[in-house]
Structure formats: structure tokens, C-alpha cells
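*Asks:* So the sequence shown is numbered by our numbering: it starts at 1099 and just counts up by one. All C-beta atoms in this analysis are idealised placements derived from N, C-alpha and C, irrespective of residue type, glycine included. I have a structure here, written as C-alpha cells, and I will follow up with some questions on it.
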Amino acid sequence: MNRRRRTEILIQGNSDLAREFAEHIMEHYPYREVMSPRYGLTMIKMRETAKNSLFHLGEVLVTEAKVEIKQQIGIGIVIGMKEELAKHLAIIDSAFKANLKETKEWEERLLEEEESILTEKIKKQTELLETRVQFETMDM
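Set out below in C-alpha cells:
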């Protein structure tokens, strides 16, 4: 599983999963905070479809953290003011980069969480479609 997919699952899914993974690593491995969670702004890029050109939509507030485990630096960036989640993401990223044995066991749980996220999205989409208004034209 690649880094982007794993991070999306941890952010969109149950936050307890990220906390559980990170706490397990903190209990069993020494780690060093390279950069404690801090706030920043980042630009959001969008692609304009007609001309296929990039433009900056605006700025968004993010929380960023960096952690080192076994000479591997992990980064956690999340939209909003979520210091704890950013730190947990950094620890998890560092654990994957360091190829710790626990990360092999996490793959299945991440796939299960991804499935529950997809199920929830389908459920919300279904509810939304049920409220859709049907407009019909009148024949004279």
C-alpha cells in the first residue's frame, strides 16, 4: 500500500486507528520529534478543465509534524488544527519507512478501514439520491 492511500485511510477513517498504531510504536521504539506539530498555510492547486491549466484556489490551514524512528523521518500533514493526528501520522509514516515488523500487520486493518469508508460513502450517496427532486416536463 502506498503512502498516499494509507494516509487518506487514516485521515478519513476512524481516528482511533491512527492513535492505536502510533501509541503502539511509541511504546516499543524510541522516537524523536524532529518538528513538533505546528500550524502553517499551504496553497491549494486546481486544474481548470477547459484550458487544462493550473491555478491557485487559495490557502488552507494545515498542521504539520515530523518524527524520526531508526534514522527514518516521517511526515504528518493534515488540514485543520489537529496536532495529535499530525503527530500520529508522522509516527506511522516513519514506522513504514523504517520497515518495522508491526507495519506488516497493519495492512489488513487499513484495508478493512478503507472498505468501511467506502461503505459509508455509498450509504451517504444513496441517502442523497433519495432526496433528489424529479422534474418532469408538462405536455400540452
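So, Glu-1131 versus Val-1165, is the Cβ gap smaller than 9 Å?
*Replies:* By 1-based counting over the sequence shown, the position of residue 1131 is 33. By 1-based counting over the sequence shown, the position of residue 1165 is 67. Contact flag set, yes.
*Asks:* Taking Glu-1181 and Ile-1107 to be in contact with their CB atoms under 8 Å, please state how far apart those CB atoms are, rounded to whole angstroms.
*Replies:* Counting from 1 along the sequence shown, the entry for residue 1181 is found at position 83. Counting from 1 along the sequence shown, the entry for residue 1107 is found at position 9. Actually they do not touch by this definition, with Cβ atoms about 20 Å apart.
*Asks:* With burial defined as no fewer than 16 other Cβ atoms inside 10 Å of the residue's Cβ, what is the status of Gly-1178: buried or exposed?
*Replies:* Taking the first residue of the sequence shown as position 1, residue 1178 is located at position 80. Exposed, because fewer than 16 other Cβ atoms sit within 10 Å of the Cβ of Gly-1178.
*Asks:* Pull up the CB-CB distance for Thr-1161 and Pro-1135, whole angstroms please, since I reckon it's below 8 Å.
*Replies:* Here residue 1161 is taken as the residue at index 63 of the sequence shown, counted from 1. Here residue 1135 is taken as the residue at index 37 of the sequence shown, counted from 1. That belief holds up - the Cβ atoms of Thr-1161 and Pro-1135 are roughly 5 Å apart, short of 8 Å.
*Asks:* By Cβ distance below 7 Å, which residues in the same chain neighbour Ala-1184 in space, the five residues on each side in sequence not counted?
*Replies:* Start at 1 with the first residue of the sequence shown, and residue 1184 comes out as number 86. If we look at Ala-1184 and ignore the five residues flanking it on each side, its Cβ neighbours are Pro-1135, Thr-1161, Glu-1162, Ala-1163, Gly-1174, Ile-1175, Val-1176.
*Asks:* Check each candidate in Gln-1169, Val-1158, Arg-1230, Thr-1201 and name the one with the smallest Cα separation from Gly-1138.
*Replies:* Counted from its first residue, the sequence shown places residue 1138 at position 40. Looking at the Cα atoms, Val-1158 is the closest of the given residues.
*Asks:* Would you report the Cα separation of Lys-1168 and Val-1231, rounded to the nearest angstrom?
*Replies:* Numbered from 1 along the sequence shown, position 70 holds the residue referred to as residue 1168. Numbered from 1 along the sequence shown, position 133 holds the residue referred to as residue 1231. Answer to the nearest angstrom: the Cα atoms are 57 Å apart.
*Asks:* Please list the terminal residues of the continuous alpha helix (DSSP H) segment that includes Met-1124.
*Replies:* Within the sequence shown, the letter at position 26 stands for residue 1124. 1113 to 1126 is the extent of the alpha helix (DSSP H) around Met-1124.
*Asks:* Starting from Lys-1219 and walking both ways along the alpha helix (DSSP H), at which residues does that stretch end?
*Replies:* Here residue 1219 corresponds to residue number 121 of the sequence shown, with the count starting at 1. Per DSSP, Lys-1219 belongs to the alpha helix (DSSP H) from 1200 to 1228.
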